[in-house]
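Below you'll find the structure, written out as C-alpha cells, and then a few comments.
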Amino acid sequence: MLDFNAPEFLVVGIVALLVIGPKDLPKALRFVGQWVGKARRVANQFRSGLDTMIRESELAEMEKKWAEENARIMREHPPEKMLPAPVYDPNPHGAVPADVSDPVENAAPVMVEPPALKPDPVEAVAESPAAPARKPRAPRKKKAES
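The opening residue of the sequence shown carries number 371 in the numbering used here; numbering runs sequentially from there.
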C-alpha cells in the first residue's frame, strides 16, 4: 500500500507550491480533497457490499447447518414419541366436584343485563346545557405603523 511519512509530505507540498503557485494552491488542494473523498466513499461502498455478501453467505451456511441438525433431531426423536396425548382434567385445581344432582350446577345459564356505563366526564361537560357559553373576544386593535 501507499506509505507516506512527514518528510515525504513536506517534499510533495514544496513541489506543489512551486509548480502550482500560492494563488491556485487552495483550489488544487480542494479539488484533490474532493477526489480523495469520492474515492473513500467508493471504497467504503465496495467494502460494505463485500461484508454484506460474506454475512449473507455465512447466514445461508448456518441455516443449512441448523436445518441438518433439526432433521437429525427429528429423526432421532419423532414428534409422536416425544409427548403423550393431552389429557383433559375436569378438576384442574383439586376442588371437590359438585354433586351431579345439584340443581344450581345443572341449571341453564341466566341472561343478565350488562351494567350501565357512566359517560366520560369530558363528554358530560361538553354536552351539559348548564355549562355557560364563552363570550367571544373582541378583535384586537392594530397598532399604528410609524
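Note that the Cβ used here is the ideal one computed from N, Cα and C, for glycine as well.
Contact check, residue i vs residue j, beta carbons under 8 Å
i, j, result
"A386", "L395", "yes"
Residues near residue i by beta carbon distance below 8 Å, same chain, minus five either side
i, result
"W436", "none"
Sequence-distant residues of its chain with Cβ nearer than 7 Å to residue i (five each side left out)
i, result
"P377", "none"
"K488", "none"
Contacting residues, own chain, Cβ-Cβ under 6 Å from residue i (five flanking each side not counted)
i, result
"L420", "none"
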